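In terms of our numbering, the sequence shown is residues 469 to 798. Just so you know, even glycine gets a beta-carbon here, dropped at the ideal spot from N, CA and C. These numbers come from a predicted model, not from an experiment.
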Amino acid sequence: MLRQFVLALPALMLLVGCDAESGPLPPSKNLSPERVASIAETVKARYPDLSAELRDKVLNTVVQSIDNMVFVEGGQFDMGDFGWICEYDEKDVCTWPCGQEPEQLCNISRNTDDDFVHPVKLSSYYLSKFQVTLGEFDVFFAAKGMPLFDSEKRKREDLKFRYQANLPAPTQSWQQAKDFCLWLGSMSGYPFDLPSEAQWEYAARNRGQHILFPTDSGNIDYGRNFPLDDESSNFPIDRFAPNPLGIYGVAGNSTDWVNDWYSQDYYQNSPLENPQGPSAGFKRIRRGSTVLEAPLSSAPLVRRWAVEPTGDRFSGGTSFRCAIQSDQKF
């Protein structure tokens, strides 16, 4: 039986056990020792030829991923570019609609595919408070017997800053993100997957509220809760405080892949309850913004990035976080 979840751990770490055969199991704030032991047996059965050290890393990655989950209570919200006053101070953001009628507001995003504001009703779900880290992604590659990406570049002293274990995991394709989440589910028994686009926006907007920036205060305080203007490199996933829902890094570091195919007009006729995106397409969707994008122009909470699902390199601008697709607290 899956047991009651409690609050997620306050910080991410990649634990390494001493001996998968006889060493202690990793502690968990969400899972009983019996449940951790069951996952350990699954890992051992699936990967009998891995070293004890690597199996420990796999187990700790699975347990930590569950501990990092935030339960998002479902509800209804208006998804899309709900508009904002045309001139505002990002350091002292007003409360929507800032004393104006909604129809008098300006678009937040310059894109047109997020202009159609529409009601969405979501069931409850879990979303990771952190993006998957490069270190966790490395464990996935190693367990699958795949070579680590950029192995030669990692040897260069001048590039080591790009490959720190606590940075957002760079991806080359949407499928890699999808496969990682399903991999967690296959060993844990939990319904891991990527979040839907609607789930991502709902959580980023603190359960669908009309907020402009996903920071702890709703304002931009450069250097305290958002990267400085001249920063150009990814930074640790927990550098800044989370949004009020407890979700870290929704903007300003790396974008998140979501589960949906892209269609410009999908949301003009999408179902009210739990929309999943088009059944097929040519592009996938990323949400959020990268460290290279100015917050005022990227509009991280409503802007949609339609991109090819496979790129030509591993990019620090395309990361992801996993969800557990269950509407019940376990």
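8 Å Cβ cutoff, residue i in contact with chain B
| i | result |
| --- | --- |
| residue 566 | In summary, chain B is missing from the structure at hand, where a single protein chain is found. |
Residue i: first and last residue of the uninterrupted alpha helix (DSSP H) it sits in
| i | result |
| --- | --- |
| residue 552 | Segment: none, residue 552 is in no alpha helix (DSSP H) and carries neither H nor E. |
| residue 506 | 501-514 |
| residue 666 | 665-672 |
Span of the beta strand (DSSP E), counted from its first residue to its last, around residue i
| i | result |
| --- | --- |
| residue 655 | Looking at the DSSP string, residue 655 is not in any beta strand (DSSP E); the run it does join, the alpha helix (DSSP H), is 642-656. |
| residue 594 | 593-596 |
| residue 724 | 723-729 |
Selected residue, minimal CA-CA separation from residue i, among the options
| i | options | result |
| --- | --- | --- |
| residue 493 | 557, 632 and 523 | 523 |
| residue 758 | 610, 499, 515 and 701 | 701 |
| residue 743 | 530, 587, 564 and 610 | 587 |
| residue 643 | 778, 496 and 707 | 778 |
| residue 751 | 785, 784, 547 and 726 | 726 |
| residue 547 | 626, 581, 595 and 615 | 581 |
| residue 498 | 774, 656 and 649 | 656 |
| residue 638 | 661, 602 and 619 | 602 |
| residue 557 | 689, 776 and 532 | 689 |
| residue 738 | 665, 629 and 762 | 665 |
| residue 538 | 516, 561, 592 and 507 | 592 |
| residue 605 | 545, 646 and 511 | 646 |
| residue 574 | 625, 590, 549 and 761 | 549 |
| residue 614 | 706, 661, 518 and 628 | 518 |
| residue 650 | 621, 509, 788 and 506 | 788 |
| residue 699 | 761, 632, 619 and 620 | 761 |
| residue 609 | 790, 798, 625 and 648 | 648 |
| residue 736 | 513, 583, 506 and 562 | 583 |
| residue 594 | 670, 515, 786 and 570 | 670 |
| residue 667 | 724, 625, 703 and 619 | 724 |
| residue 611 | 508, 506, 515 and 507 | 515 |
Residues near residue i in its chain [Cβ-Cβ closer than 6 Å; skip 5 each side]
| i | result |
| --- | --- |
| residue 658 | 792 |
| residue 794 | 659 |
| residue 746 | 729, 731 and 734 |
| residue 564 | 678 |
| residue 511 | 523, 526, 527 and 655 |
| residue 554 | 574 |
| residue 617 | 782 |
| residue 790 | 596, 649 and 660 |
| residue 741 | 589 |
Nearest-angstrom beta carbon gap, residue j and residue i [assumed within contact, 8 Å]
| i | j | result |
| --- | --- | --- |
| residue 769 | residue 680 | 7 Å |
| residue 722 | residue 663 | Not really, about 15 Å apart at Cβ, beyond 8 Å. |
| residue 552 | residue 534 | About 37 Å; that fails the 8 Å criterion. |
| residue 543 | residue 691 | With a Cβ gap of about 33 Å, residue 543 and residue 691 do not count as contacting. |
| residue 540 | residue 652 | Going by Cβ atoms, the distance from residue 540 to residue 652 rounds to 18 Å, so no, they are not a contact pair. |
| residue 529 | residue 607 | 5 Å |
| residue 634 | residue 596 | Their Cβ separation, rounded to whole angstroms, is 14 Å, which puts residue 634 and residue 596 out of contact at 8 Å. |
| residue 599 | residue 705 | 5 Å |
| residue 630 | residue 756 | Contact flag wrong, Cβ pair sits at about 19 Å. |
Sequence-distant residues of its chain with Cβ nearer than 7 Å to residue i (five each side left out)
| i | result |
| --- | --- |
| residue 579 | 771 and 772 |
| residue 490 | Any answer about residue 490 is weak, because its pLDDT of 40 lies below 50 and its placement is not dependable; what the coordinates show is given next. Answer for residue 490: no residue qualifies. |
| residue 504 | 493, 494, 496 and 531 |
| residue 775 | 751, 752 and 754 |
| residue 693 | 683, 684, 685, 708 and 709 |
| residue 477 | Because the pLDDT of residue 477 is 29, which lies under 50, any placement of that residue in the model is unreliable, and the number read from its coordinates should be weighed accordingly. Cβ within range, chain order: 497, 535 and 536. |
| residue 641 | 777, 778 and 779 |
Neighbourhood of residue i by C-beta distance below 8 Å, restricted to the same chain and skipping five residues each side
| i | result |
| --- | --- |
| residue 682 | 672, 673, 674, 711, 715, 718, 719, 768 and 769 |
| residue 560 | 687 |
| residue 502 | none |
| residue 764 | 558 |
| residue 568 | 553 |
| residue 628 | 622 |
| residue 796 | 592 |
| residue 749 | 729, 730 and 731 |
| residue 703 | 635, 695, 721 and 759 |
heavy atom of the ligand GDP below 7 Å from residue i C-beta
| i | result |
| --- | --- |
| residue 650 | No copy of the ligand GDP appears in this structure; indeed no ligand is present at all. |
(request) Any chance you could list the beta strand (DSSP E) runs of at least 3 consecutive residues sitting entirely within the region 529-574, in chain order? (result) 537-540 and 543-547
(message) What ranges does the alpha helix (DSSP H) occupy inside the region 745-778, keeping only unbroken runs of at least 4 residues that lie completely in it?
(response) 763-766
(request) Note down, one range per segment and in chain order, each alpha helix (DSSP H) of at least 4 residues found wholly within the region 588-635. (result) 602-611
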